[in-house]
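*Asks:* Residue numbering for the sequence shown follows this note's numbering, beginning at 29 and increasing consecutively.
All C-beta atoms, glycine included, are put in the ideal place defined by N, C-alpha and C.
Got a structure for you, written out below as structure tokens; questions coming shortly.
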Amino acid sequence: MAVATTLESYLSNKACHYDLVEHPFSESAAKAGMSAALPLTKVVKAVVVNHHNHYLMVAIPAMNRLMLPQVESMVGSHLSLTHEKELDALFGDCEKGAIPAIGQAYGLDVIWDDALKEEDDVYLEAGDHRHLIHLKRKQFMQLMKNSPHGEVSCAADELYDMSHIRQI
């Protein structure tokens, strides 16, 4: 498959140039980045949360954990993780667990982590378990220009300071 049809169409409509990076089969964005020998700060994973049956995608560096209270503060409401069955319906042209972190292509609002604006290159799932999409910072920022952002994730080893906060 390489690039999910919905994502490919969206990127084409936005005149967004991207490269494909092939890698051995992997089950997560972080493992894809490792198998492609990429720094995990540059690999973006998608976390989909649910707000009263309205889905929201949060794009964060692959090695980080989502800080759900920060996202809840941004949207002003309690959120919960979306169940696998719901993800299958939302991302029907993607392989299970290979969700692209460009939720706008699927009609989802997106919040993205500020750490991503520091990277010259970003890589995200293409919709299968063997390809990553490579975007330059300018392209990624253009795609995210109307989406809110903030410090919504942290490295797993930083969680000890935040034991009172729910993480994902």
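Kindly confirm or deny that the stretch 107-119 and the stretch 43-60 touch, where touching means at least three C-beta pairs closer than 8 Å.
*Replies:* Counting Cβ pairs under 8 Å, fewer than three are found: no touch.
*Asks:* Could you check which residue in K164, L171, V49, S181 has the C-alpha nearest to that of M41?
*Replies:* Contrary to the premise, residue 41 reads as Asn rather than Met in this sequence. Among K164, L171, V49, S181, the Cα nearest to that of N41 is on L171.
*Asks:* Tell me whether the stretch 93-104 and the stretch 171-187 touch, counting them as touching only if at least three CB pairs, one residue from each stretch, are closer than 8 Å.
*Replies:* As far as the Cβ criterion goes, the stretch 93-104 touches the stretch 171-187, which means the pair count is three or higher.
*Asks:* Can you check which of these residues, L144, L160, D156, is closest to K166 by C-alpha distance?
*Replies:* The shortest C-alpha separation from K166 is found at L144.
*Asks:* Based on Cα-Cα distance, which residue from A90, P89, S37, L136 lies nearest to N78?
*Replies:* Residue L136 is the option with its Cα nearest to N78.
*Asks:* Do you know offhand how far R158's Cα is from D47's?
*Replies:* R158 and D47: Cα-Cα distance of roughly 14 Å.
*Asks:* Under the three-state reduction of DSSP, which class applies to E50: helix, strand or coil?
*Replies:* Three-state result, E50: strand.
*Asks:* Restricting to runs no shorter than 4 residues, where is the alpha helix (DSSP H) found entirely within the stretch 47-125?
*Replies:* Complete alpha helix (DSSP H) runs here, min 4: 57-63, 96-103, 112-118.
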